[in-house]
Amino acid sequence: MRRTGWMAFQVGCAYIGTVVGAGFASGQEVFQFFGRYGNWAYLTILLSFLLFAGMGYRLMQLGAVWGVRSYHELNERLFGPGLTWVLDAVILTMLFGVTVAMIAGSGALFQERLGGSFQLGALVTMGISYITVLWGIRGILRANTLIVPAMCAFVLYAAWHTWHAHGWRTAWHSGHALGGPGLATLVSALLYAAFNTGLSAGVLLPLGADVRDLRTLRFGALIGALGLAGMLAAVTFTLHTYFPRALEYDVPMAYVAEQLGALLRWGYVFVLWAEVYSTLVGDLYALTAQLGTSSPRRNAAVTAAVLMLAYLVSQVGFSAVVQYAYTAFGWISAGLLLVLLWPREKLPRG
Numbered sequence: 000m001r002r003t004g005w006m007a008f009q010v011g012c013a014y015i016g017t018v019v020g021a022g023f024a025s026g027q028e029v030f031q032f033f034g035r036y037g038n039w040a041y042l043t044i045l046l047s048f049l050l051f052a053g054m055g056y057r058l059m060q061l062g063a064v065w066g067v068r069s070y071h072e073l074n075e076r077l078f079g080p081g082l083t084w085v086l087d088a089v090i091l092t093m094l095f096g097v098t099v100a101m102i103a104g105s106g107a108l109f110q111e112r113l114g115g116s117f118q119l120g121a122l123v124t125m126g127i128s129y130i131t132v133l134w135g136i137r138g139i140l141r142a143n144t145l146i147v148p149a150m151c152a153f154v155l156y157a158a159w160h161t162w163h164a165h166g167w168r169t170a171w172h173s174g175h176a177l178g179g180p181g182l183a184t185l186v187s188a189l190l191y192a193a194f195n196t197g198l199s200a201g202v203l204l205p206l207g208a209d210v211r212d213l214r215t216l217r218f219g220a221l222i223g224a225l226g227l228a229g230m231l232a233a234v235t236f237t238l239h240t241y242f243p244r245a246l247e248y249d250v251p252m253a254y255v256a257e258q259l260g261a262l263l264r265w266g267y268v269f270v271l272w273a274e275v276y277s278t279l280v281g282d283l284y285a286l287t288a289q290l291g292t293s294s295p296r297r298n299a300a301v302t303a304a305v306l307m308l309a310y311l312v313s314q315v316g317f318s319a320v321v322q323y324a325y326t327a328f329g330w331i332s333a334g335l336l337l338v339l340l341w342p343r344e345k346l347p348r349g
């Protein structure tokens, strides 16, 4: 029982680590998808929790029952060879785009927050990510088991400190003034969950194939969804409290960190880097699984080639492409989720 609980915790941490990224840590992503809809954001976060729990488990279940370990294998089982190559191309493009964005983000973090070199920051992060991916899915589990609790602790502490200093009324009044319910509110939550669950499939599928125990996977999906929903709610509450001042910054949570003291400001730099690293590792692993072979040496070469190509592209900027690709991938992922939710004899139950 203790071993099952620990493995479920590791699965949940891997899920969280793959979903959160620089956009989450900055606060911009959370505000754009949830916070700008005011106090209704908390209901849409609840909807996202249900989607994260259900679809995260569904993907790991398919990995366990079907033995699929990559997007390509899943697409072949669901759609046949006709559509697989199209979906593979779209998914590879998106994964590569996010990989580029994470490398660029790590370089910018070293440059802007630490006063160091963009190139050094990018290369150090790439090197650590490369070593982690070479360890396989177990390496991702170990890395996220260390990093994710620290990320959660920082976000929850920021919310607790904000509550202690300002109470709940400030956030509630700001949320009330921001907006109300509407179709866009629900669509935004759906797209957020769809995009991030789809992006996590490259890690969740092999996790399911390796762990195989459905009870452990179900518990792990629940832990991951609870962690994500809790962090979403904490960041939303914090941003509402410091609204509109915090939203005048490109990185709203950096403004919040300034209110927490010097030590926490440095903690925030670590959290930003950790979220970039955890997302980069997950995307890089998924890309390698999609492009690689059964040979460890070839997989290592593929991983190195992907990293170097992404590093080169990150020098010229990729933010606009990634911005539009995020939306497109969100809709594609939403379609995939509908396929997985739709009752079909072909899909395993339970």
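Residue 0 is where the sequence shown starts when you use numbering that gives the first Met the number 0, and the numbers rise one by one after that. Ideal Cβ placement from N, Cα and C applies to all residues, glycine included.
Determine the closest residue to Leu140 out of Val275, Leu286, Ala7, Leu290, with distance taken between C-alpha atoms. If you number the sequence shown from 1, residue 140 lands on position 141. Nearest option by C-alpha distance: Ala7.
Who are the Cβ neighbours of Ala299 in its own chain at under 8 angstroms, not counting the five residues just before and after it? Counting from one through the sequence shown, the residue named residue 299 turns up at place 300. Only Leu133 meet the Cβ criterion.
Unbroken alpha helix (DSSP H) run spanning Val19, endpoints: Reading the sequence shown from its first residue, position 20 is the one you call residue 19. No alpha helix (DSSP H) holds Val19; DSSP gives it neither H nor E.
Evaluate Leu308 with the Cβ neighbour count: other Cβ atoms within 10 Å of its Cβ, from every protein chain shown; 16 or more gives buried, anything less gives exposed. Looking up residue 308 in the sequence shown gives position 309. The residue in question, Leu308, is exposed, as its Cβ has fewer than 16 Cβ neighbours within 10 Å.
What did DSSP end up calling Asp212 once you bin it into helix, strand or coil? Along the sequence shown, read from residue 1 onward, the residue named residue 212 stands at position 213. Here Asp212 sits in coil by DSSP.
With C-beta atoms as the reference, is His306 less than 8 angstroms away from Leu283? Indexing the sequence shown from 1 puts residue 306 at position 307. Indexing the sequence shown from 1 puts residue 283 at position 284. A small correction: the amino acid at residue 306 is Leu; His does not occupy that position in the sequence shown. Closer than 8 angstroms, so yes.
Glu28 classed as buried or exposed, judged by whether at least 16 other C-beta atoms fall within 10 angstroms: One-based indexing of the sequence shown puts residue 28 at position 29. When all chains shown are included, Glu28 counts as buried.
Measuring only the C-alpha atoms, how far is Ala176 from Ala233? Position 177 of the sequence shown holds residue 176. Position 234 of the sequence shown holds residue 233. About 19 angstroms.
CA-CA distance, Ala149 and Tyr276? Counting from one through the sequence shown, the residue named residue 149 turns up at place 150. Counting from one through the sequence shown, the residue named residue 276 turns up at place 277. Their Cα atoms are separated by approximately 13 angstroms.
Indicate whether the contact test is met: 3 or more Cβ pairs, each with one atom in the segment 181–196 and one in the segment 29–41, closer than 8 angstroms. yes
With a cut-off of 8 angstroms, do at least 3 Cβ pairs link the segment 82–101 to the segment 233–246? no
Any idea what DSSP makes of Trp5, helix, strand or coil? The residue given as residue 5 occupies position 6 in the sequence shown. Trp5: helix per DSSP, three-state reduction.
Taking only runs of the alpha helix (DSSP H) that begin and end inside the segment 39–96, which ones reach a length of at least 4 residues, in chain order? 40–65
Is the segment 163–170 close to the segment 217–233, with three or more CB pairs under 8 angstroms? no
Less than 8 angstroms between C-beta atoms, sequence neighbours within five positions excluded: which residues of the same chain meet that for Val202? Position 203 of the sequence shown, counted from the start, is the residue given in the question as residue 202. Correct list, in chain order: Ala13, Tyr14, Thr17, Ile136, Ile139, Gly281, Tyr284, Ala285.
Could you tell me the alpha carbon to alpha carbon distance between Arg76 and Gly66, rounded to whole angstroms? The sequence position of residue 76 within the sequence shown is 77, counting from 1. The sequence position of residue 66 within the sequence shown is 67, counting from 1. Cα to Cα, the separation comes out at about 11 angstroms.
What is the DSSP secondary structure of Trp167, reduced to helix, strand or coil? Stepping through the sequence shown from its first residue, residue 167 is reached at position 168. Three-state DSSP puts Trp167 in coil, outside helix and strand.
In terms of residue numbering, what span does the alpha helix (DSSP H) encompassing Arg416 cover? Any question about residue 416 goes unanswered here, given that the chain covers just 0 to 349.
Can you give the beta carbon distance from Thr278 to Val19, rounded, assuming they're within the 8 angstroms contact cut? Within the sequence shown, residue 278 is the residue found at index 279, counting from 1. Within the sequence shown, residue 19 is the residue found at index 20, counting from 1. That belief holds up - the Cβ atoms of Thr278 and Val19 are roughly 7 angstroms apart, short of 8 angstroms.
Within its chain, find whatever has a CB closer than 6 angstroms to the CB of Tyr267; leave out the 5 residues flanking it on each side and keep chain order. In the sequence shown, residue 267 corresponds to position 268, counting from 1. Same-chain partners within the cutoff: Ala256.
Three-state secondary structure (DSSP) at Pro148? One-based indexing of the sequence shown puts residue 148 at position 149. Helix.
Excluding the 5 residues preceding and the 5 following Leu271 in the sequence, name in chain order all residues of the same chain whose CB lies nearer than 6 angstroms to its CB. Taking the first residue of the sequence shown as position 1, residue 271 is located at position 272. The answer, listed in chain order, is Ala24, Leu108.
Look at the Cβ atom of Ala121, then the Cβ atom of Ser105, and state whether they are nearer than 8 angstroms. Stepping through the sequence shown from its first residue, residue 121 is reached at position 122. Stepping through the sequence shown from its first residue, residue 105 is reached at position 106. Against a cut-off of 8 angstroms, the Cβ pair of Ser105 and Ala121 comes out as a contact.
Anticipated Cβ contact below 8 angstroms, Ser332 with Tyr191, distance rounded: As a working mapping, residue 332 is identified with position 333 in the sequence shown. As a working mapping, residue 191 is identified with position 192 in the sequence shown. The Cβ separation is near 10 angstroms, so there is no contact.
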